[in-house]
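Here is the structure we will look at, set down as structure tokens.
Chains as they are written, first to last, in the numbering used here: chain A, 1 to 346; chain B, 347 to 574.
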């Protein structure tokens with residue numbers, strides 16, 4: 001570490017180039033990661049709030065919750081620790097001709113775990129809890145909100161953060177009310193789907209049970225989008241590490257005669273190799289931490305306009321991946337160091 | 347006097363384009379503490395081969411090198427490297443200093459690798475004697491050492507207090523006055539600390555400084571002069 005650090009501070013120009021490159025690439029990677037995670041969670045976070053372990057749809061729904069019709073009779077046959085019916089319906093909230101917003105109406109069975117993470121205020125028949133993004137559309141607590149195709153306006157009783165489904169804001173309402181919107185009357189004994197919590201023992205043959213992850217992966221666009229971002233981010237990490245590896249390799253080759261002299265003086269190959277590795281690690285980690293700082297700064301300025309979300313563990317994993325892959329790249333330099341023959345130094 | 351370094355009937359052969367080259371014919375050689383030995387000879391005569399073998403950088407084809415009574419030329423690379431680190435100080439023709447470290451840090455590096463505290467007393471004393479006291483905190487850029495060549499590389503080689511100093515063309519690229527300074531220093535340090543200094547050189551101006559002069563020609567070592 002001593003040699004590695006001294007060389008960096010005595011050759012600031014050369015090494016700052018390496019760090020700047022690392023900063024830029026890691027900035028891009030952290031930023032993409034935040035966007036990817038933010039976008040992915042805006043598909044799902046209205047539902048992940050539940051803390052459910054699984055979702056049940058009808059088999060005939062072809063993985064589509066909008067097409068799933070679970071009767072109360074089938075619901076009764078589901079055997080799980082906790083179960084709760086819900087309904088999902090895309091709708092348009094219309095304030096005026098110029099102010100229309102896409103929303104999802106999410107009807108949740110009252111008295112179930114579905115409500116646990118939401119406000120505990122009791123809702124009247126036509127009351128809803130809305131995603132906080134609707135505040136930007138001009139709604140506030142107490143506003144009425146009209147749904148196209150349904151004559152009675154709803155009243156927003158509260159807002160919650162991050163209540164979106166497939167990037168669209170949710171309106172939470174009682175399942176009975178949802179049935180009235182969906183079927184015309186509240187007494188129709190059909191809901192769209194069932195959320196399960198805890199152990200899932202059995203579901204009837206007409207129904208299909210999904211883990212939460214399976215369910216999200218069949219959401220239109222979700223899987224493809226996650227795969228695309230994952231691929232981009234992984235490639236960027238590998239490319240950045242490769243470039244750092246090449247830089248270090250070139251710097252190592254330039255020092256061949258110096259390393260030869262040092263070996264002649266009895267400094268072990270192991271010490272020199274460790275020095276090359278720790279230098280790589282120092283450059284990569286400092287570069288990526290600066291890149292992360294830049295990301296945090298950018299988000300502070302433009303946050304809110306983009307679906308950006310942090311996930312501590314993803315960021316830790318990216319930083320670790322940068323470190324590990326660049327160390328793998330540095331192994332070429334280590335090999336070069338080990339092959340240097342001190343006899344040639346004389 | 348006890349022999350410090352002994353070469354026992356060493357030879358070195360190389361394979362070059364499917365032909366065996368006898369770089370060093372069978373040679374025996376002994377060096378004693380306090381002795382300053384010059385090895386001269388034309389280019390390609392085997393001088394450097396001899397120096398690298400007694401310095402443990404390569405193994406002899408046959409024979410054995412014994413340092414302080416212990417054979418070491420047959421040890422593995424790692425063990426020889428350790429012996430070089432502790433027992434042998436190299437002063438090399440190519441820059442033997444690390445260009446991005448200060449003179450003081452070159453010495454610190456030794457202590458860091460040995461995991462011991464710096465020997466402040468020796469640093470003080472050596473830097474005073476070698477005239478590098480003011481340069482301790484300067485980085486070892488080549489331009490600096492062209493101006494004050496004697497102190498830097500020598501202080502680095504001498505600091506660990508090795509028993510043998512091996513110098514390869516220490517006066518190459520230096521003018522007369524500075525070459526003389528380097529020679530003076532090698533001679534006085536050899537005597538003061540009882541080291542064995544073996545110097546390979548082309549420069550025959552300073553052979554009078556040496557206790558013993560050997561010549562290698564076509565891989566054969568002969569004594570030209572041995573001081574009484």
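Here a beta-carbon is modelled for each residue, glycine too, at the ideal position from N, C-alpha and C.
**OP:** Kindly list, in the order they appear in chain A, the residues whose Cβ is closer than 7 Å to that of residue 436 of chain B.
**Re:** The CB of residue 436 of chain B comes closer than 7 Å to the CB of 264 and 265 in chain A, given here in chain order.
Subject >> Cβ of residue 345 of chain A within 9 Å of any chain B Cβ >> reply: For residue 345 of chain A, the nearest CB of chain B lies under 9 Å from its own CB, placing it at the interface with that chain.
Original post:
Between the C-alpha atoms of residue 314 of chain A and residue 33 of chain A, what's the straight-line distance to the nearest angstrom?
Top reply: Rounded to the nearest angstrom, the two C-alpha atoms are 8 Å apart.
Original post:
Taking the continuous alpha helix (DSSP H) assigned at residue 263 of chain A, which residues delimit it?
Top reply: Residues 256-264.
Original post:
Does the pairing of the region 87-101 of chain A with the region 112-129 of chain A give three or more beta-carbon distances under 8 Å?
Top reply: Short answer: they don't touch.
Subject >> Boundaries (first-last residue) of the alpha helix (DSSP H) holding residue 19 of chain A >> reply: Taken as a continuous stretch (DSSP letters only), the alpha helix (DSSP H) holding residue 19 of chain A covers 12-48.
Original post:
Should residue 544 of chain B be flagged as near chain A, meaning a C-beta pair shorter than 9 Å?
Top reply: Not an interface residue.
Original post:
In the structure shown, what three-state DSSP assignment does residue 96 of chain A receive?
Top reply: Residue 96 of chain A carries a strand assignment under DSSP once its states are collapsed to helix, strand and coil.
**OP:** Leaving out five residues on either side along the sequence, give the residues of the same chain with a beta carbon under 6 Å from the beta carbon of residue 279 of chain A.
**Re:** Cβ neighbours of residue 279 of chain A beyond the five flanking positions: 4.
Original post:
residue 392 of chain B CB to nearest chain A CB: under 9 Å?
Top reply: Not an interface residue.
Original post:
What separation, rounded to the nearest whole angstrom, lies between the Cα atoms of residue 348 of chain A and residue 147 of chain A?
Top reply: Beyond the ends of chain A as shown, which are 1 and 346, falls residue 348 of chain A; an answer cannot be given.
Original post:
Of all Cβ atoms in chain A, is any one closer than 9 Å to the Cβ of residue 419 of chain B?
Top reply: For residue 419 of chain B, the answer is no, since every Cβ of chain A falls outside 9 Å of its Cβ.
Original post:
Which residues in the same chain have their Cβ closer than 8 Å to the Cβ of residue 19 of chain A, if we skip the five residues on either side of it in sequence?
Top reply: Excluding its 5 nearest sequence neighbours in each direction, residue 19 of chain A has C-beta neighbours in its own chain below 8 Å: 283, 286, 287 and 290, listed in chain order.
Original post:
Given a limit of 7 Å on CB to CB distance, which residues of the region 289-322 of chain A reach chain B?
Top reply: Residues passing the 7 Å Cβ filter: none.
Original post:
For a contact meaning CB atoms closer than 9 Å, what does residue 476 of chain B contact in chain A?
Top reply: Among the residues of chain A, none has a CB under 9 Å from the CB of residue 476 of chain B; the nearest is roughly 18 Å distant.
Original post:
Is there at least one Cβ from chain B nearer than 9 Å to residue 269 of chain A's Cβ?
Top reply: Taking Cβ atoms only, chain B reaches closer than 9 Å to residue 269 of chain A, which makes this a yes.
Subject >> Neighbourhood of residue 46 of chain A by C-beta distance below 6 Å, restricted to the same chain and skipping five residues each side >> reply: Once the five neighbours on either side are set aside, the close Cβ partners of residue 46 of chain A are 163, 164, 165 and 170.
**OP:** Could you tell me whether the Cβ of residue 247 of chain A comes closer than 9 Å to any Cβ of chain B?
**Re:** Against chain B, the CB of residue 247 of chain A has no partner CB under 9 Å away; the residue lies outside that interface.
Original post:
If you draw a straight line from the alpha carbon of residue 16 of chain A to that of residue 231 of chain A, how long is it in whole angstroms?
Top reply: A straight-line Cα-Cα distance of about 28 Å links residue 16 of chain A and residue 231 of chain A.
**OP:** For residue 132 of chain A, I'd like the list of residues in its chain whose CB is within less than 7 Å of its CB, leaving aside the five on either flank, ordered along the chain.
**Re:** Excluding residues within five positions, the ones whose Cβ falls inside 7 Å are 159, 160 and 161.
Original post:
Once you ignore the five residues that flank residue 383 of chain B on each side, which residues in its own chain have a CB closer than 8 Å to its CB?
Top reply: If we look at residue 383 of chain B and ignore the five residues flanking it on each side, its Cβ neighbours are 377, 542, 543, 544, 545, 556, 557, 558, 559 and 560.
**OP:** Could you work out which residue in A:233, A:331 and A:217 is closest to residue 317 of chain A when comparing CA atoms only?
**Re:** Among A:233, A:331 and A:217, the Cα nearest to that of residue 317 of chain A is on A:233.
Original post:
According to the Cβ coordinates, are residue 427 of chain B and residue 436 of chain B closer than 9 Å?
Top reply: Contact: no.
**OP:** Express the C-alpha separation of residue 471 of chain B and residue 13 of chain A in angstroms, rounding to a whole number.
**Re:** Cα to Cα, the separation comes out at about 36 Å.
Subject >> Spatial distance of residue 431 of chain B from residue 367 of chain B (CA atoms) >> reply: In this structure, the alpha-carbon of residue 431 of chain B lies about 30 Å from that of residue 367 of chain B.
Subject >> Contact with chain A by residue 350 of chain B, beta-carbon distance below 9 Å >> reply: Answer no: the Cβ-Cβ gap between residue 350 of chain B and chain A never drops below 9 Å.
Subject >> residue 271 of chain A - DSSP class collapsed to helix/strand/coil >> reply: The answer is helix: DSSP assigns residue 271 of chain A an H, G or I state.
Original post:
Looking only at DSSP bridge pairs, what is residue 358 of chain B linked to?
Top reply: Looking at the DSSP output, residue 358 of chain B bridges to B:370.
Original post:
In three-state terms, what does DSSP make of residue 1 of chain A?
Top reply: Secondary structure of residue 1 of chain A (DSSP, three-state): coil.
Original post:
Would you call the region 142-156 of chain A and the region 68-88 of chain A touching, i.e. three or more CB-CB distances under 8 Å?
Top reply: Contact fails: fewer than three Cβ-Cβ distances are below 8 Å.
Original post:
Which residues, taken in chain order from the region 4-29 of chain A, show a beta carbon closer than 7 Å to some beta carbon of chain B?
Top reply: Those would be 6, 7, 10 and 11, in chain order.
Original post:
Skipping 5 residues on each side, what residues in its chain have a beta carbon closer than 8 Å to that of residue 70 of chain A?
Top reply: Around residue 70 of chain A: 56, 57, 58, 85, 190, 191, 192, 193, 194 and 207.
Subject >> Delimiting residues of the alpha helix (DSSP H) encompassing residue 182 of chain A >> reply: In this chain, the alpha helix (DSSP H) harbouring residue 182 of chain A covers 175-183.
Subject >> Own chain partners of residue 245 of chain A with C-beta closer than 7 Å, once the 5 adjacent residues on each side are dropped >> reply: Once the five neighbours on either side are set aside, the close Cβ partners of residue 245 of chain A are 326, 329, 330 and 332.
Original post:
Could you give the uninterrupted runs of the beta strand (DSSP E) lying entirely in the region 177-226 of chain A, keeping only those of 3 residues or more?
Top reply: Whole beta strand (DSSP E) segments, 3+ residues: 193-202 and 207-211.
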